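So for the sequence shown, my numbering puts the first residue at 12; every next one is plus one.
For each residue, glycine too, the CB sits at the ideal point set by N, CA and C.
If you're wondering where the values come from, they're calculated on a predicted model, not measured in any experiment.
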Amino acid sequence: MEYEIENEWCFYVTKQRVTQGHEKHVKEWEDRLSKVHSFKTAEGFWSVFNNFRPVGDMLNDSGDFYMFKDQILPEWEDSMNAGGGRWIVATDSQKVEDMWGLLLMSLIGNMYDDLSEFICGAELAVRPKKRFKIAVWIKQADKKSTVQLGESIKKFLNATKADFQKHKGDKVEYSV
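And the structure:
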């Protein structure tokens, strides 16, 4: 018996960049982005998640892992992401594995009640020298819902701080 979840989700990965910096064209980004698998059951999630290389083994690597609701691409230009932003939680090599797993389970389990409707997906950025960043991408929402969601994510992950940035900017809009 399989346990169906409310939303269908997709895993994506990016290939490492050849050079530093941001892509100059959307095509460069799309060439690096690969869809791994989509799933609609808890068993489908575990069949993919359990086969990813452990984050702790990637201490000197660079790349991004994404889990997004089906039909939403992990790119700022996607119509569901446009106008939105992301809650960013910095973490270290000791906590990243547990935080990433907890976050993904909270998303597929709809742990954020009515605020789950604003969630588009999640990102794990792995950078050399043990630098990690976890982000929850959200669509455009009012300030109250955005801040409530950030507080819920921070509390659920037992994080010390979470910062919200709009996709079209580097400025921190809110911190919780």
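Taking a C-beta distance under 8 Å as the contact criterion, Val147 and Val107 do not qualify as a contact pair. DSSP lists no bridge partner for Cys131. Taking one beta carbon from each stretch, the stretch 76-87 and the stretch 127-143 have 3 or more pairs nearer than 8 Å; the two touch. Contact between Ile149 and Phe167 does not hold, since the beta-carbon distance rounds to 15 Å and is not under 8 Å. In the same chain as Asn18, and ignoring 5 residues on each side of it, the C-beta atoms closer than 6 Å to its own belong to Lys80, in chain order. By the criterion of a C-beta distance shorter than 8 Å, Asp103 is surrounded in its chain by Lys141, Phe143, once the five residues flanking it on both sides are discounted. Burial is judged here by how many other beta carbons sit within 10 angstroms of a residue's own beta carbon; Val100 has at least 16 and is buried.
Taking Lys177 as the centre and dropping the five residues before and after it, the same chain places the C-beta of Gly96, Glu184 closer than 7 Å to its C-beta, in chain order. Listed as beta-bridge partners of Glu15 by DSSP are Thr52.
Within the stretch 92-144, the complete beta strand (DSSP E) runs of at least 3 residues fall at 96-102, 130-138. Judged by DSSP secondary structure, Val183 falls within the beta strand (DSSP E) whose first and last residues are 183-186. Residues of the same chain with a CB within less than 6 Å of the CB of Glu54, apart from the 5 flanking positions on each side, are Glu13 in chain order.
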